[in-house]
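>
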Amino acid sequence: MKWCLARPHKYGVMLLLTTLIVAACGYFWHRSQPALKPGSNITQQFGFYDLPQQQKELYDVQLSTVGETIVSHVSSPNNPQFRLKGSFVQKKQAGEKRFFTYTPVHFAPSPDTPLLASNIDLLMHSQVRMQQLWPDGVPLVTMQNGMIFLYPLDDK
Numbered sequence: 002m003k004w005c006l007a008r009p010h011k012y013g014v015m016l017l018l019t020t021l022i023v024a025a026c027g028y029f030w031h032r033s034q035p036a037l038k039p040g041s042n043i044t045q046q047f048g049f050y051d052l053p054q055q056q057k058e059l060y061d062v063q064l065s066t067v068g069e070t071i072v073s074h075v076s077s078p079n080n081p082q083f084r085l086k087g088s089f090v091q092k093k094q095a096g097e098k099r100f101f102t103y104t105p106v107h108f109a110p111s112p113d114t115p116l117l118a119s120n121i122d123l124l125m126h127s128q129v130r131m132q133q134l135w136p137d138g139v140p141l142v143t144m145q146n147g148m149i150f151l152y153p154l155d156d157k
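Residue 2 is where the sequence shown starts when you use my numbering, and the numbers rise one by one after that.
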């Protein structure tokens, strides 16, 4: 009995080469997307307002960028025991919009923080979209939940 060697099918080889080229292009395209502005660090005050119930909650927020992550530290000027630490990890970018996932690292909701607790719940269970705007050179970030705050996601 004589064994015959199989000849490589030229379409299979072509398909394999095309797949490798597409995978390499995708890898290098992903690596070329602009990262978050390194070393950004800002402290500001956030307010959540519920007009029908006439409630407001004020928080001191510190945001800093570490690699592809925005780390947030939230404290309450009215409640010194309250602390929230979390991170926004960038997952993708489509044009001017950046998409993040939010993970609270340390959060203990209390009865006097219902507005913040509901907002944290929304951020945890949805993809967070942020868009950088530069009106008059001021770095504003807008989010899909209506939050607007000062923070430089990238250079102008």
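Heads up, the beta-carbon is just placed ideally off N, CA and C, and yes, glycines get one too.
How many angstroms separate the CA atom of Thr70 from the CA atom of Gly147?
Whole-angstrom Cα-Cα distance: 21 Å.
> Going by DSSP, what residues sit across from Glu97 in a beta bridge?
For Glu97, which the question treats as bridged, DSSP gives no partner whatsoever.
> Buried or exposed for Pro165, going by 16 or more other Cβ atoms inside 10 Å?
With the chain covering only 2 through 157, there is no way to say anything about residue 165.
> According to DSSP, is Pro1 part of a helix, a strand, or is it coil?
Nothing in the structure corresponds to residue 1, since the chain is present only between 2 and 157.
> Which same chain residues, not among the five before or five after Phe100, have their C-beta less than 6 Å away from its C-beta?
Lys92, Lys93, Gln128 and Arg130
> From Leu117 to Asp137, what does the alpha carbon distance come to, in whole angstroms?
30 Å
> Grab the span of the alpha helix (DSSP H) containing Ser65 for me, first residue to last.
Per DSSP, Ser65 belongs to no alpha helix (DSSP H); it is in the beta strand (DSSP E), Gln56 to Val67.
> Determine the contact status of Tyr50 and Ser77, defining contact as a CB-CB distance below 7 Å.
no
> For Glu97, count neighbouring Cβ atoms within 10 angstroms of its own Cβ and tell me buried if that reaches 16, exposed if not.
exposed
> Around the Cβ of Leu151, are there at least 16 other Cβ atoms within 10 angstroms (buried) or fewer (exposed)?
exposed
> Cβ atoms of Ser88 and Thr66: under 7 Å apart, would you say?
No. Outside cutoff.
> Report the partner residues of Leu134 according to the DSSP bridge assignment.
Leu141
> Looking only at DSSP bridge pairs, what is Val90 linked to?
Thr70 and Thr102
> Look up Leu117 in the DSSP assignment and say whether it is helix, strand or coil.
helix
> In terms of DSSP beta bridges, what is Gly48 paired with?
Leu59
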